[in-house]
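What follows is one structure encoded as structure tokens, with my remarks underneath.
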Amino acid sequence: MDSPHLWSLLLLCLIFHLTLSTELRKFERLSVEKRNWKNGQTACADKNGHLVTLHNRYDAQLIHKLINRPGATAYLGLHEKKDAHQSEWSNGVEMTKWTTEANITYEQKCVAIQNNEWREQPCNETMYFMCYNISAYQLIEQKKDWCEARLYCRKHFTDLVSINNNNQNDEALRRGANRTFWIGLKHDNYQWEDGQCSTFREGITISAAGHKECAHQYEDNVVLDRCNNTHNIICMQGELQHFKSCGNLTC
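What follows is the structure, given as structure tokens:
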């Protein structure tokens, strides 16, 4: 086989591999000048896409390959929320303030019921979880992280359970039968531009100047810095449809 055809075949195989390994998500690096975060968001929207959401270290490695040169950087979709100190339920409703609320103090924490009390936990921990539909609460005895649990509940029920009063709390405790399980409450100072749920926070650092408004990727690390700095732009189309195991990673 002559060289041009060989390279064409290798390129086709690479594209095929990326499509499979990212669960129907397509990543594309824009061949334009570096942009700030807002202009990068607009450029991706013009292509019917979004800035990249990372779900795991595998995603970070893929983006590093697309950047494709030492020291290069690219914006990600992660940015600080305007209401960074508010907690909300999986259905988007802000938490009602009442005496049983958990003491959430960190950038991303999710709430589980443990020993009949609300406890903040790292959202990437895996445990049982409670879904609800129009008629009942249901404890799911499968271990998933918070985002995986939400995806499961939305597919098979309505959502992760929301608890807004003591009667609902008592019912969740009864259904939970002294197990430890996720409920639908999450606190996160940051959000992904496309609205996807991701518990990935591995390797995130804050810039030397202490700014932490928008995230960019430097090699395979994530750095929080000013949003008006300029970086390369990589756009993403599609979203993760379900989670599956890839060794020690979720892809």
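Residue numbers (mature numbering (1 follows the signal peptide of the UniProt record, and there is no 0)): -21 to -1, 1 to 230.
Beta carbons are placed, not taken as given, at the ideal position from N, Cα and C, and that holds for glycine.
{"Query": "Q65 and H195 closer than 9 angstroms at C-beta", "Result": "no"}
{"Query": "E104 and V90 closer than 9 angstroms at C-beta", "Result": "no"}
{"Query": "T184 versus I113: straight-line alpha-carbon distance, rounded", "Result": "42 angstroms"}
{"Query": "Extent of the continuous beta strand (DSSP E) run through K123", "Result": "116 to 123"}
{"Query": "Element boundaries [beta strand (DSSP E), containing C193]", "Result": "193 to 197"}
{"Query": "Where T159 falls: helix, strand or coil (DSSP)", "Result": "coil"}
{"Query": "Beta-carbon proximity list for N227, same chain, < 8 angstroms, skipping 5 on both sides", "Result": "Note on N227: pLDDT 37, under 50, position unreliable in the model; no value is reported."}
{"Query": "Beta-carbon proximity of H34 to Q170, cut-off 9 angstroms", "Result": "no"}
{"Query": "Touching by the beta-carbon criterion (3+ pairs, under 8 angstroms), the stretch 2 to 22 and the stretch 133 to 150", "Result": "no"}
{"Query": "A24 in three-state terms, based on DSSP", "Result": "helix"}
{"Query": "Euclidean distance between Cα positions of V202 and K191", "Result": "8 angstroms"}
{"Query": "Cutoff 6 angstroms; reference T1; Cβ partners in own chain excluding five residues on either side", "Result": "Residue placement at T1 is poorly supported in this model, since its pLDDT is 48, which falls under 50; the coordinates still yield a value, given next. So no residue of the chain qualifies."}
{"Query": "Spatial distance of K61 from L30 (CA atoms)", "Result": "18 angstroms"}
{"Query": "Endpoints, beta strand (DSSP E) assigned at Y44", "Result": "Just to set this straight, residue 44 is Lys in the shown sequence, not Tyr. Run containing K44: none in the beta strand (DSSP E); it sits in the alpha helix (DSSP H), 36 to 46."}
{"Query": "Cut-off 7 angstroms between Cβ atoms - residues of its own chain near R180, not counting five sequence neighbours on either side", "Result": "Q87"}
{"Query": "Own chain, CB closer than 7 angstroms to E198, minus 5 neighbours either side, in chain order", "Result": "H43"}
{"Query": "Length of the line joining the Cα atoms of Q40 and R153", "Result": "44 angstroms"}
{"Query": "Own chain, CB closer than 6 angstroms to S69, minus 5 neighbours either side, in chain order", "Result": "R129, D138, L139, G163"}
{"Query": "Assigned exposure category for K26 - 16 Cβ within 10 Å defines buried", "Result": "exposed"}
{"Query": "Chain E within 9 angstroms of N168, Cβ atoms only", "Result": "Absent here is chain E; the protein component of the structure consists of one chain."}
{"Query": "G56 vs T32 beta-carbon contact at 9 angstroms", "Result": "yes"}
{"Query": "8 angstroms contact criterion, which C126 and C110 should meet: CB distance rounded", "Result": "Incorrect: roughly 14 angstroms between the Cβ atoms, too far for contact."}
{"Query": "Extent of the continuous beta strand (DSSP E) to which M215 belongs", "Result": "211 to 216"}
{"Query": "Helix, strand or coil at D167 according to DSSP, with G and I counted as helix", "Result": "strand"}
{"Query": "Cutoff 7 angstroms; reference L45; Cβ partners in own chain excluding five residues on either side", "Result": "F6, R8, I213"}
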